[in-house]
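Taking my numbering, the leading residue of the sequence shown gets 5, the next gets one more, and so forth.
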Amino acid sequence: MATRPSAVTATMQSEPLTIAMILEHGATWNATSRVWTLRDVGGGPGEGRVDETTFADIGRSAQWLAGGLSTLGIGPGDVVGSYMWNTAEHLVAYLAVPSMGAVLHTANIRLSAEQNAYAVEATGDRVLIVDADLLPEIVEQLAHMPTVEVVVVNGHADLASIERRGKRAITFEALLSLSTGGFRWPEIDEWSAANVCFTTGTTGNPKGVAYSHRSTWLHSLSLGTMNALRLGAGDRAMIVVPMFHANAWGYPYAAFWSGAEMVLPGRFVRPPVLVELIERFGVNFANGVPTVWNDVLRYLEEDPGHDISTLDRLVVGGASAPTSLIERFEDRHGVHVVQGWGMTETSPLVSVARPPRGSVGGERMGYLASQGRVLPGVRIRLVNPETGSVLPADGVAVGELELRGPWIAGSYLVEGDGSEKFHDGWLRTGDVGTLDPAGFVRLTDRTKDVIKSGGEWISSVALENLLAGHPDVAEVAVIGVPDERWDERPCAVVVGRAGAVIDPTELRQWLMGQVLRWWLPERWSVVEVLPRTSVGKVDKRLLRALYADGKLDVTHLAGGSKAGRGDRMPGGTEVLEKENR
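The structure is reproduced here in structure tokens:
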């Protein structure tokens with residue numbers, strides 16, 4: 005009898021999973037795919053100045069940029085910062101810097117000067133590539149960026165202002181001219197750092213997340229799959245998510261790799277400009293936070309006659325998308341809104357809301373309004389945030405979502421930062437919700453935003469989504485505020501549509517029958533605008549502070565009815581309407 009071999013050795017080739025592979029594939033086999041960058045807006049439709057280039061040109065420019073950076077002494081492991089909008093030059097840096105073995109730190113334009121200076125020093129940026137219109141901001145910060153040696157300016161600007169700060173200055177074009185061309189990409193360890201992004205918390209210093217070549221490669225591969233975003237060579241994608249935030253959700257790499265053409269709006273993200281770009285270039289795929297697309301919807305309603313019929317998929321994330329947003333885009337414009345969920349620490353895509361086959365009507369809308377189904381490659385579990393015990397994925401139990409996977413962070417860049425965010429090898433997301441047996445995530449709150457009233461949770465997200473469906477409401481945020489009897493109660497902060505008069509009593513009536521009676525807010529505040537964080541999310545921390553300081557004009561509603569049978573607060577106590585303070 006033949007002896008069985010003790011082991012079988014794999015016969016596959018060993019090829020490092022690197023960004024250089026993405027660059028070479030895109031520049032070679034998707035050479036004719038195009039990139040359009042909006043440089044300036046014109047006085048009328050079609051008059052904005054747009055530059056066009058090809059993937060082949062982007063690939064050549066990446067080699068020239070790498071060569072130029074090497075003349076400045078940049079090599080493997082060195083960090084190059086970018087302070088730029090969504091442009092072709094930023095795309096070149098995305099590809100060139102990691103491919104040469106250096107690390108690209110996409111500095112967040114919307115962080116404070118102090119936070120950005122902290123991030124630059126934490127990563128040790130030696131070179132900063134800056135768009136000319138952003139240079140005045142950087143010049144003021146250079147004194148607090150001791151590691152920066154050279155500032156590269158993309159566009160026309162006063163370089164002397166940089167040199168007066170003791171830094172070398174050079175234009176982007178001049179830097180490329182220092183290269184002899186034909187830069188050869190070195191062999192790179194796929195586990196080495198490729199990019200660094202910083203979180204955008206509202207308090208304390210931001211926390212750095214270093215993505216590896218391997219994690220970026222696998223994340224890019226996942227983006228294009230049928231369960232995810234289906235991004236491919238037939239698409240023309242408008243990248244609205246800033247390239248300085250979580251790698252623009254990974255789209256630049258995935259698009260360059262797959263051959264999807266890109267429309268880059270630069271610094272121009274107002275609704276009229278975005279609608280014009282969709283019409284002008286036949287955009288069929290776009291992305292962005294719900295706030296941006298709510299503004300676009302309002303613009304289309306106030307200025308009808310625009311044709312956005314080419315737009316097929318609209319990917320939203322960063323905050324929960326109201327059902328009303330999904331329905332209005334689909335019913336009025338034939339646009340499919342696809343919701344994704346993730347964060348800086350997850351590269352960022354974790355789940356995508358694609359309804360399972362056979363789902364129709366309200367069931368289908370329920371799936372579309374969820375945070376979606378977890379993608380292959382990501383492990384997920386639901387945990388009781390107080391005890392750490394794992395909860396069942398039954399769609400009923402509510403807890404904090406924790407994650408593991410090849411594109412999920414295992415720590416922060418600075419040792420000791422946020423150690424509480426990592427639990428037993430898992431990333432604690434801070435998002436509270438449910439997980440069903442099919443892997444669909446439905447968020448109800450952030451752990452820091454959850455409203456715990458009388459010992460039970462009230463979902464601020466559910467209240468916000470319902471209120472956003474009212475025809476007079478443009479935006480809404482629900483926060484938990486102190487209450488002597490129930491510990492916390494919800495307070496709804498509402499922005500009305502243009503010309504609408506917001507009546508809190510009417511809005512409360514709107515909610516009746518859609519939620520449990522004890523969920524109904526007694527406190528309402530009507531404001532002109534909601535405060536935002538650096539990435540456009542509603543700043544609930546600031547809203548809670550304004551409430552605590554008495555700086556929100558709050559209406560306290562009081563009725564005479566008691567809760568109906570079954571609508572009881574924990575402990576069996578019936579809900580009585582509050583008295584006015």
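From the three backbone atoms N, C-alpha and C, an ideal C-beta is built for every residue, glycine too. No experiment lies behind these values; they were computed from the predicted model shown.
Using a C-beta cut-off of 8 Å, the stretch 455 to 473 makes no contact with the stretch 414 to 430, since fewer than three inter-stretch Cβ pairs fall below that distance.
Beta-bridge annotation (DSSP): D61 is not paired with any residue. When DSSP reads this structure, G429 sits in no beta bridge, so it has no partner. Between L470 and L431 a beta carbon distance of about 30 Å is seen, past the 8 Å cut, so the two are scored as non-contacting.
Judged by DSSP in its simplified three-state form, A173 adopts strand. Rounded to the nearest whole angstrom, the CA to CA distance from F333 to P326 is 11 Å.
Taking V319 as reference, the option from L329, S216, I412 with the minimal CA-CA separation is L329. Non-local beta-carbon contacts of T127 in its own chain, meaning distances under 6 Å to residues more than five positions away in sequence, involve V83, H109, V200 in chain order. Taking the CA atoms as reference points, R240 sits about 42 Å from G484. P269 counts as buried, since no fewer than 16 other beta carbons sit within 10 angstroms of its beta carbon.
Taking V354 as the centre and dropping the five residues before and after it, the same chain places the C-beta of W345, G346, V378, L379, V382, L407 closer than 7 Å to its C-beta, in chain order. Three or more pairs of CB atoms, one per stretch, sit closer than 8 Å, so the stretch 63 to 77 contacts the stretch 179 to 186. In the structure shown, W345 falls within a strand segment according to DSSP collapsed to helix, strand and coil. In this structure, DSSP gives G71 a helical state, which the three-state scheme calls helix. In chain order, I483 place their CB closer than 6 Å to the CB of R548, counting only its own chain and leaving out the 5 sequence neighbours on each side.
With contacts defined by Cβ atoms closer than 7 Å, G399 and N388 do not form a contacting pair. DSSP places H217 in the helix class (H, G or I) of the three-state scheme.
Classified as buried, P102 has 16 or more neighbouring CB atoms from the shown chains inside 10 Å of its CB. V477 and V498 do touch by the CB rule: their CB atoms are close to 6 Å apart, below 8 Å. DSSP places F444 in the strand class (E or B) of the three-state scheme. Around the beta carbon of A164, fewer than 16 other beta carbons lie within 10 angstroms, which makes this residue exposed. Minimum Cα-Cα distance from P20 among the listed residues S196, T184, A35 corresponds to S196. Counting the other Cβ atoms within 10 Å of the Cβ of G309 gives fewer than 16, which makes it exposed.
Secondary structure of M369 (DSSP, three-state): helix.
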